[in-house]
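Each remark here refers to the structure printed beneath this line.
Residue numbers (the working numbering): 1 to 710.
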């Protein structure tokens with residue numbers, strides 16, 4: 001088949017999507033349509049989802065020829081499970097590319113405008129100077145009772161004024177600096193791919209009237225007749241068709257409508273942009289998607305949650321009495337407010353008041369003396385230098401962690417030379433050398449290393465090996481000098497990506513003009529990472545804070561968790577409180593944060609400068625059971641916290657569960673900040689916890705040196 005360039009259909013279906021582009025979307029849709037034409041049956045509902053995933057992962061390691069050698073029934077069971085999961089992956093990948101492509105369309109318009117302003121800034125400033133002089137002369141003459149026009153022309157000659165106005169018109173941008181007028185040329189190359197995607201996927205709205213879908217259906221109908229949307233009313237054959245306009249916001253109307261005429265590119269781009277927002281928010285589900293299902297499908301069934309509540313098996317830190325929670329929280333905040341007020345200027349480490357009456361949070365002094373730092377370097381220099389492979393084998397002799405890298409089908413642990421090949425493969429991946437470079441540096445061939453990766457290294461074996469190492473360190477007497485395994489931190493490790501990866505994105509703050517990504521890692525107080533690392537967007541850290549706290553395979557009993565500002569939102573405060581974790585972030589500009597109460601409490605003295613507000617208690621009470629069901633669903637593994645947080649973040653403001661979590665989070669954050677302001681020991685614990693995570697990141701960067709860490 002020339003369309004797949006000599007590859008088997010199976011390997012073609014498995015190809016990674018690449019960077020978001022119209023071409024990539026077309027390829028994803030082609031694969032989806034191919035799977036749809038196969039009309040494969042879905043796995044039986046009597047088969048547990050985890051078993052389906054297990055079969056799918058097992059099949060993903062087989063190439064086409066080895067699959068052909070399996071017995072027919074076994075081969076079909078593996079393929080049906082694998083292709084079912086692959087279909088969901090392809091659907092989500094296509095939607096993710098759709099989202100990124102439209103986001104990039106807007107960013108290109110903004111960048112084009114920024115470039116225009118930057119390149120013409122000198123001329124624009126010159127024109128502004130001349131026009132300001134003219135305006136000043138005009139206004140001054142009006143004030144003094146002189147002829148303002150003559151005064152203006154005396155100051156700026158008419159010829160110069162006319163030339164300035166004519167030249168300035170070339171550089172004019174919309175008054176609100178909206179860059180939508182610059183995206184039309186960028187939309188044209190992606191139009192066909194976006195239409196193909198819309199026609200291939202089954203979008204399921206929850207409202208009868210969904211303006212974005214109505215507009216795109218109108219576009220598709222006209223496209224079948226080789227027509228574009230060019231007017232509010234168009235005749236197709238003998239039928240008059242009226243263009244739906246409900247998806248056009250005021251911002252888009254300025255570009256899409258001109259009387260009864262319609263600019264087709266802007267009309268369509270507005271519809272796709274509206275569709276993106278509705279899919280993100282959950283107002284439109286997508287059939288066959290794992291990530292864009294109806295919100296209710298992610299949660300424990302209401303009846304089952306009621307049973308768990310009756311049996312006290314929700315695994316939550318709060319009961320079903322919302323008013324009791326609010327009463328207790330108001331009492332806690334009031335007590336902490338009084339304690340903080342009494343500590344200002346009296347308790348070391350608490351808030352201090354300057355001469356102008358402004359509050360300040362004192363900086364933490366360095367806890368480790370310089371002599372200790374120097375001694376630490378001397379002790380480190382005494383440690384022997386040894387090959388990394390020998391170190392890994394020695395650690396395996398202590399812990400047996402390599403036994404968890406079992407063979408995919410036989411479940412046998414690696415032995416003999418298999419273990420050595422496995423260590424070499426782990427080093428090649430972990431040091432970013434790649435298997436070809438690693439094969440040149442060790443006694444094993446590329447094929448042997450690749451075989452180890454295919455059959456022994458997969459997500460579940462990596463997590464099991466990591467948990468084994470975590471448990472060994474936790475049980476070691478030395479680890480008690482560092483902590484007891486009850487506190488942890490999480491942070492993102494950002495790095496450049498040198499290839500056109502789908503999960504790489506531009507971010508000028510971290511990557512300048514290059515692409516990069518963010519690996520989010522949790523670290524315990526005993527200097528070990530735990531849970532599953534997540535590759536995320538550069539501004540998505542808060543979505544992934546809770547995942548590893550609830551679901552890791554180690555014996556760590558995390559009770560308190562630290563993040564920096566990027567990992568902190570009101571909803572993270574709320575979810576961690578519901579799940580029984582103490583959330584303690586290091587917040588930038590902590591004294592400028594709003595503090596909230598259930599009921600008003602009079603604050604006198606220096607605390608008047610802190611901003612107080614009241615939470616909307618009613619929405620917390622009304623949505624209390626739903627918030628508990630959301631948290632319990634996360635704790636029971638029905639859905640990941642990151643997926644639910646993403647859905648809630650995308651919902652419109654009127655979503656009641658999202659609003660309730662935000663209001664509850666305001667209370668939890670207030671209680672934390674009042675203690676954070678007063679207690680120097682708490683601030684130091686947060687700092688030490690985050691420093692441990694950053695030290696692990698530094699170690700990872702030292703090991704990940706291959707290809708300059710890209």
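Glycine included, every Cβ here is placed at the ideal spot set by N, Cα and C.
Treat the numbers as computed from the prediction; the structure is a model and nothing was measured.
Using a Cβ-Cβ distance cut-off of 8 Å, the stretch 485-496 and the stretch 406-423 are not in contact, since fewer than three pairs of beta carbons, one from each stretch, lie closer than that value. Residue state for residue 492 is assigned as strand, using DSSP reduced to three classes. In the DSSP assignment, the residues bridged to residue 520 are 492 and 534. Residue burial is scored here from C-beta neighbours: residue 268 has at least 16 other C-beta atoms within 10 angstroms and is therefore classed as buried. When C-alpha distances from residue 625 are compared across 649, 301, 448 and 197, the shortest belongs to 301. Between residue 87 and residue 52, the C-beta spacing is not below 8 Å.
Across the set 402, 692, 355 and 349, the C-alpha of 349 shows the shortest separation from the C-alpha of residue 674. Around the beta carbon of residue 415, fewer than 16 other beta carbons sit within 10 angstroms, so the residue counts as exposed. Residue environment: residue 471 is assigned as buried (16 or more neighbouring CB atoms within 10 Å of its CB, all protein chains considered). Going by DSSP, residue 561 is part of the beta strand (DSSP E) stretching over 560-562. Runs of the beta strand (DSSP E) lying entirely within the stretch 206-277, each at least 3 residues long, are 233-236 and 239-242 in chain order.
Restricting attention to 549, 555 and 556, the CA atom closest to the CA of residue 563 is found in 549. For residue 404, the number of other beta carbons within 10 angstroms of its own is at least 16, and it is reported as buried.
Under the three-state reduction of DSSP output, residue 582 falls in the strand class. Beta-bridge partners of residue 401 (DSSP): none assigned. DSSP links residue 461 through a beta bridge to no other residue. Runs of beta strand (DSSP E) with 3 or more residues, each lying fully within the stretch 153-217, are found at 203-205, listed in chain order. Boundaries of the beta strand (DSSP E) around residue 286: 284-286.
Contact check for residue 520 against residue 553 fails: the beta carbons are separated by 8 Å or more.
The C-alpha of residue 108 lies about 8 Å from the C-alpha of residue 186. Per DSSP, the continuous alpha helix (DSSP H) segment holding residue 665 begins and ends at 656-678. Residue 152 and residue 667 have their alpha carbons spaced roughly 60 Å apart. Going by DSSP, residue 597 is part of no alpha helix (DSSP H) but of the beta strand (DSSP E) stretching over 595-597. Shown here for residue 528: same chain residues with a beta carbon closer than 6 Å to its own, the five before and five after excluded, namely 470 and 473 in chain order. Leaving aside the five residues that flank residue 85 on each side, the residues in its chain whose CB is nearer than 8 Å to its CB run, in chain order, 52, 53 and 56. The Cβ atoms of residue 565 and residue 593 lie no closer than 8 Å to each other.
Annotated three-state conformation of residue 456 is helix, per DSSP. Looking at 287, 259, 282 and 245, the one whose alpha-carbon comes closest to that of residue 270 is 245.
The DSSP-derived three-state label of residue 47 is coil. Here the alpha carbon of residue 702 sits roughly 28 Å from the alpha carbon of residue 551. Secondary structure at residue 415: coil, using DSSP grouped into helix, strand and coil. A distance of 8 Å or more separates the beta carbons of residue 250 and residue 173. Annotated three-state conformation of residue 573 is helix, per DSSP. Non-local C-beta neighbours of residue 314 in its own chain, meaning closer than 6 Å and more than five positions away in sequence, comprise 308 and 632, ordered along the chain. Residue 529 has 523 as its beta-bridge partners, per DSSP. About 12 Å separates the Cβ atoms of residue 337 and residue 606, ruling out a contact at the 8 Å cut-off.
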